[in-house]
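**Q** Residue numbers (the numbering used here): 32 to 338. Backbone N, C-alpha and C fix where the C-beta goes; we use that ideal spot for every residue, glycine too. Let me give you the structure first, and then I'll get to my questions.
This is the structure we're talking about:
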């Protein structure tokens, strides 16, 4: 008996839920949807030079059943043959999209962003541009990047409207995030999509390499400091005339480095402009090595007439 009552309760509950859904879905709702679009039948040798979004942002109104049928039904992508666009200044307008929506009874277009899409053509052209890497990187303590990151291929060919390509000098990747590295990284990065312009790329991915090595420090002592642009009748004496530096870099890079790879200079014009009697040298190091400290930090100097 109790089991029979339980069945009755379950059936009643399910029936009640179905009735509630039916009533709710019969009410009017307003939803926002993103509908992909494409411009078809563009003549050969021509490309679209005006901004065309990948999708239109539509606000639709209708009863729940019809909106659900729309969202769960076939592909919502809207295709617009170029020849079907209104004559004169060809454009996809609110009226064009509303006409497409009207094919689905009970659904009404309330708003569209953008409110119109203008379509203008230009001659198709090709341009090879540099690939720009977009990435962030962090390293495990004691490790670091050695040398610049490399990308293969270094350039990509962009195909599109000639007037548009004149404004494109490079093409970025999507952002890659690499964290806590302690070994070299090799990864494929997709090229960033064009959000509003219809162009094609010769490849969709590039290969990134970041060399990572354990970092170490090495002391280089007795490095001479060169005085630049000294007046012919003047002599500058630095105190001390040589300094010591601490350099940081990859173990391989440091082992191959020698004191002659570092250039330390002081510009005489900086001495003339200095009121303190103390000057800091400029240090040029190999590109993969960082100077982290020097001893002494500052140099004193004496300027005297050359005998």
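1) Whole angstroms is fine: what's the gap from residue 54's alpha carbon to residue 132's?
2) Would you mind reading off the limits of the beta strand (DSSP E) that contains residue 60?
3) I'd like to know whether the C-beta atoms of residue 243 and residue 177 end up nearer to each other than 8 Å.
4) Identify, in the order they occur along the chain, each residue of the same chain with its Cβ nearer than 8 Å to the Cβ of residue 327, setting aside the five sequence neighbours on each side.
5) Please report the straight-line C-alpha distance between residue 294 and residue 255, rounded to a whole angstrom.
6) Below 8 Å, can you find three or more Cβ-Cβ pairs linking the segment 163–174 to the segment 107–126?
7) If residue 322 sits next to residue 278, beta carbons under 8 Å apart, how far is it from one beta carbon to the other, in whole angstroms?
8) Less than 8 Å between the CB atoms is what I'm expecting for residue 187 and residue 160, so what's the real figure, rounded?
9) Check each candidate in 61, 89, 91 and 113 and name the one with the smallest Cα separation from residue 77.
10) Does DSSP classify residue 299 as helix, strand or coil?
11) Who are the near neighbours of residue 229 in its chain, counting only those whose CB is closer than 6 Å to its CB and skipping five residues on each side?
12) Are there 16 or more other CB atoms within 10 angstroms of the CB of residue 52, so buried, or fewer, so exposed?
13) I need the boundaries of the beta strand (DSSP E) containing residue 168, first residue and last residue.
14) Classify residue 330 as buried or exposed, calling it buried when 16 or more other Cβ atoms lie within 10 Å of its own Cβ.
15) Just curious, the beta strand (DSSP E) that residue 236 is in, first and last residue?
16) Between which two residues does the beta strand (DSSP E) harbouring residue 211 extend?
17) In the DSSP assignment, find the unbroken beta strand (DSSP E) run with residue 176 in it and report its ends.
18) Are residue 298 and residue 325 touching if we call contact CB-CB under 8 Å?
19) For residue 199 and residue 158, which I take to be in contact (beta-carbon distance under 8 Å), what is that distance rounded to the nearest angstrom?
20) With contact counted as at least three CB pairs below 8 Å, one residue from each stretch, are the segment 197–215 and the segment 137–154 in contact?
21) Do you know whose CA, among 75, 156 and 319, lies nearest residue 191's CA?
**A** Quick answer:
1) Residue placement at residue 54 cannot be trusted, given a pLDDT of 46 that sits under 50; what the coordinates show is reported in the next sentence. Cα to Cα, the separation comes out at about 24 Å.
2) 59–71
3) yes
4) 271 and 274
5) 8 Å
6) no
7) 5 Å
8) 6 Å
9) 113
10) helix
11) 79 and 83
12) Low local confidence applies: a pLDDT of 47 at residue 52 is under 50, so the model's placement there is unreliable, and no value is given.
13) 166–170
14) buried
15) 236–241
16) 207–212
17) 174–176
18) no
19) 6 Å
20) no
21) 156
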